[in-house]
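Worksheet: the structure to be examined is printed underneath.
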Amino acid sequence: MLELRCAGFTSVPRLTPFSDRLEAGELLAIVGPNGAGKSTLLSLLSGFRRAERGCVRLDGRPLADWSPARLARRRALVAQGISLGFDWPLQDLVALGSDADPGAVQRALAALDLLPLAERGVLSLSGGERQRAMIARALCQLGSLEPTTQDAGVLLLDEPTSALDIGQQQRLMRLLRGLAETRHMAICCVLHDLNLAARFAHRVWLLQHGERIASGTPGEVLRARRLEAIFDAQLDQLHSTHFTTPVLALRL
1 MLELRCAGFT
11 SVPRLTPFSD
21 RLEAGELLAI
31 VGPNGAGKST
41 LLSLLSGFRR
51 AERGCVRLDG
61 RPLADWSPAR
71 LARRRALVAQ
81 GISLGFDWPL
91 QDLVALGSDA
101 DPGAVQRALA
111 ALDLLPLAER
121 GVLSLSGGER
131 QRAMIARALC
141 QLGSLEPTTQ
151 DAGVLLLDEP
161 TSALDIGQQQ
171 RLMRLLRGLA
181 ETRHMAICCV
191 LHDLNLAARF
201 AHRVWLLQHG
211 ERIASGTPGE
221 VLRARRLEAI
231 FDAQLDQLHS
241 THFTTPVLAL
251 RL
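For the sequence shown, the UniProt record's numbering gives the first residue as 1, with consecutive numbering after it.
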């Protein structure tokens with residue numbers, strides 16, 4: 001669905017070109033230390049920055065060939081560091097940028113546990129509530145929650161759990177994985193919580209110094225010894241009969 005063909009940047013911030021695909025039906029996590037190039041890669045995947053080498057294709061067509069309106073119906077980006085200058089009612093913010101009917105807005109608010117706040121001004125919301133509001137807006141933009149939707153496009157999220165409590169993190173990641181599997185969405189998240197990546201992602205890309213250095217299942221990529229070297233941290237990898245993916249813990 002979304003394909004990188006030897007795509008990357010040679011200028012700063014640098015991203016070593018590589019080729020791969022983000023497929024419909026999968027949740028992909030991008031992980032790596034601060035400054036590794038995760039947000040830079042997401043800007044490349046979204047088309048907000050044009051590749052200096054290679055190209056990015058959506059549904060077989062270069063992103064540059066898509067009109068803004070058509071691209072917005074197939075791809076949505078939820079960036080980090082959300083800044084809101086107007087005190088919109090929450091339900092109006094979620095409807096902004098799409099032709100979704102009121103029912104679609106209500107479904108998006110309900111999916112993100114925001115329905116009781118629908119008429120609240122967005123400037124009165126907490127950071128976590130605003131973060132969930134922007135995710136709800138992206139789902140409306142793509143029509144992801146429509147009952148008849150079976151191919152709900154590409155959703156790209158930059159640190160979507162950073163302001164959420166652990167309960168909201170779990171509910172959001174369950175929602176995203178469920179949308180990938182039931183609505184055939186292609187979803188890519190930048191995550192700092194390696195255990196969330198291990199538990200919910202189908203695949204993981206690991207970045208360091210602007211280069212993708214590993215790709216595969218969480219069990220293949222998120223190995224404690226490798227991560228210790230990359231993050232300069234001391235980790236223990238725990239084993240449990242309840243999990244088939246690695247569980248990582250910081251060592252005292």
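Every residue, glycine too, gets a C-beta built ideally from N, C-alpha and C.
From a predicted model like this one, the values you see are computed outputs, not experimental measurements.
Residue i - DSSP class collapsed to helix/strand/coil
{"i": "LEU117", "result": "helix"}
{"i": "LEU109", "result": "helix"}
{"i": "SER11", "result": "coil"}
{"i": "LEU125", "result": "coil"}
{"i": "SER19", "result": "strand"}
{"i": "ILE135", "result": "helix"}
{"i": "ILE82", "result": "coil"}
{"i": "ARG49", "result": "coil"}
{"i": "ARG251", "result": "coil"}
{"i": "LEU172", "result": "helix"}
{"i": "LEU96", "result": "coil"}
Residue i to residue j span [Cα, whole Å]
{"i": "THR75", "j": "LEU222", "result": "A quick correction: the sequence has Arg, not Thr, at residue 75. Between ARG75 and LEU222, the C-alpha separation is close to 28 angstroms."}
{"i": "ARG171", "j": "GLY143", "result": "20 angstroms"}
{"i": "LEU235", "j": "ALA201", "result": "20 angstroms"}
{"i": "ARG14", "j": "LEU71", "result": "25 angstroms"}
{"i": "ILE82", "j": "GLN131", "result": "7 angstroms"}
{"i": "ALA197", "j": "ILE30", "result": "8 angstroms"}
{"i": "GLY216", "j": "ASP20", "result": "11 angstroms"}
{"i": "TRP245", "j": "ARG226", "result": "Sequence inspection shows Thr at residue 245; the Trp mentioned does not correspond to that position. For THR245 and ARG226, the distance between alpha carbons rounds to 16 angstroms."}
{"i": "ILE230", "j": "TRP205", "result": "13 angstroms"}
Buried or exposed by the 16-neighbour rule on C-beta atoms within 10 Å, applied to residue i
{"i": "ALA64", "result": "exposed"}
{"i": "ALA104", "result": "buried"}
{"i": "residue 259", "result": "Residue 259 is absent from the structure shown; the chain starts at 1 and stops at 252."}
{"i": "ARG251", "result": "exposed"}
{"i": "PHE9", "result": "buried"}
{"i": "VAL154", "result": "buried"}
{"i": "LEU176", "result": "buried"}
{"i": "VAL12", "result": "exposed"}
{"i": "residue 258", "result": "This structure cannot settle anything about residue 258, because the visible part of the chain is limited to 1 through 252."}
Nearest-angstrom Cβ-Cβ length linking residue i and residue j, presumed shorter than 8 angstroms
{"i": "LEU58", "j": "TRP66", "result": "7 angstroms"}
{"i": "CYS189", "j": "PRO160", "result": "6 angstroms"}
{"i": "HIS184", "j": "ASP151", "result": "5 angstroms"}
{"i": "residue 253", "j": "ALA108", "result": "Given that the chain is displayed from residue 1 to residue 252, the structure contains no residue 253 and the question cannot be resolved."}
Quiz prompt | alpha helix (DSSP H) runs wholly inside the stretch 179 to 247, at least 4 long, in chain order | solution = 194 to 200, 218 to 221, 224 to 231
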